[in-house]
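Quick notes on the structure that follows.
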Amino acid sequence: MKKVAITGNIGSGKSWVCELFKQHLGIPVYSSDNAAKQMYFLPDVRQQLVKRFGDAFYLSDTELNKLNRKYIADLIFHDEKAQADLEGILYPALFVDFEQWMEKQDAPYVLFESALVFEKRLEKRFDAIVMVSASEATRLRRAMERDHCDEATVRARMAKQWPEEGKRLLADFVIWHENDDEDDALMRQIISVHKFCGINPQ
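Okay, so the sequence shown: first residue is 5 according to my numbering, each after it adds one.
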C-alpha cells in the first residue's frame, strides 16, 4: 500500500480536497492534526513530556485529558529547542499510530494529511507528495472566514509556513483549488492524482 502525503498552506482548501478523495474514490485519509492531539495522552508519551517539561504540561493529575495550553505555548513559541524536543516525542508516536492505522485500511494507497510535511522534513516517509494550492488572496479570505479572525492574525500564521511557490516545486503533484464552487474541476485534478498513484479509477 502506497503512502501519499497531502499538504497545503493555511486556506488552501486541503481538507475539502481530502474529503473528495474519501467521498468519490474511497481513499482513506489520516488527519495528522487530529491524531497528534491524541498522542499527548498516551501513557508513554505523557511520561516523556512530564519528564522533559514538568508536571505543569498538564492541568492536573486528575485531568489527564487536559493540556496546559498557555504553558505549552509559552514554552514552544520562545524556545526552538523546546519545540524540537516536543516534536521529537510526539512524532515517533504519531507515525507508529499511522502505521497501525494503515494496517486496518483496504485501499491501494492512503493519504496522510498534514500542513507541515516540508517544514518538518517528512518527505522521505512517503511515496509521493501532493500539494493543494491557491492564490494568497483566496487563502486569506478562506482562513479569515473559517476562523473568524482578522487579516493580521492569518498573515502571522502564514509566516510560520514555507511559501507556497517553493512547496509547489518540491511536490510530485499540485492541485489548484482557487474556486470554492468548482468541484468538477477539482475532481479532474484528483483523478489525475489517482492515476499518478498508479490506480485506474473505475
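For each residue, glycine too, the CB sits at the ideal point set by N, CA and C.
Distance, Cα to Cα, residue i vs residue j?
i: K55; j: L94; result: 14 angstroms
i: P205; j: K6; result: In this predicted model, P205 has a pLDDT of only 46, less than 50, meaning its place in the structure is not dependable; the value taken from the coordinates is given anyway. Computed Cα separation, rounded: 16 angstroms.
i: I13; j: A88; result: Here residue 13 is Asn; the residue named in the question, Ile, does not match the sequence. About 21 angstroms.
i: L53; j: L71; result: 11 angstroms
i: R150; j: G17; result: 11 angstroms
i: V121; j: E127; result: 6 angstroms
i: Y113; j: V8; result: 7 angstroms
i: V100; j: K171; result: 26 angstroms
i: E140; j: C153; result: 16 angstroms
i: L90; j: M106; result: 24 angstroms
i: L63; j: E84; result: 23 angstroms
i: V49; j: H82; result: 22 angstroms
i: K124; j: D188; result: 32 angstroms
If residue i and residue j are in contact, beta carbons under 8 angstroms, what's the gap, nearest whole angstrom?
i: T157; j: E182; result: Incorrect: roughly 23 angstroms between the Cβ atoms, too far for contact.
i: L2; j: I10; result: The first residue shown for the chain is 5 and the last is 206, placing residue 2 beyond what the model contains.
i: Y34; j: F102; result: 6 angstroms
i: L24; j: M191; result: 6 angstroms
Which class does residue i belong to by DSSP, given the choice of helix, strand or coil?
i: K70; result: strand
i: Y44; result: coil
i: S64; result: strand
i: H198; result: helix
i: A9; result: strand
i: E117; result: strand
i: I179; result: strand
i: P35; result: According to the sequence as given, residue 35 is Ser; it is not Pro. In the structure shown, S35 sits in a strand (DSSP, three-state: E or B).
i: G17; result: coil
i: E107; result: helix
i: Q87; result: helix
i: A189; result: helix
Taking Cβ positions, are residue i and residue j nearer each other than 7 angstroms?
i: H198; j: L29; result: yes
i: E117; j: C201; result: no
i: V136; j: F177; result: no
i: R146; j: G58; result: no
i: A97; j: L46; result: yes
i: A219; j: Y75; result: What the structure shows of the chain is the stretch from 5 to 206, and residue 219 is not part of that stretch, so it cannot be assessed.
i: P32; j: Q109; result: yes
i: Q165; j: I179; result: no
*Taking only runs of the alpha helix (DSSP H) that begin and end inside the region 119 to 144, which ones reach a length of at least 4 residues, in chain order?*
none
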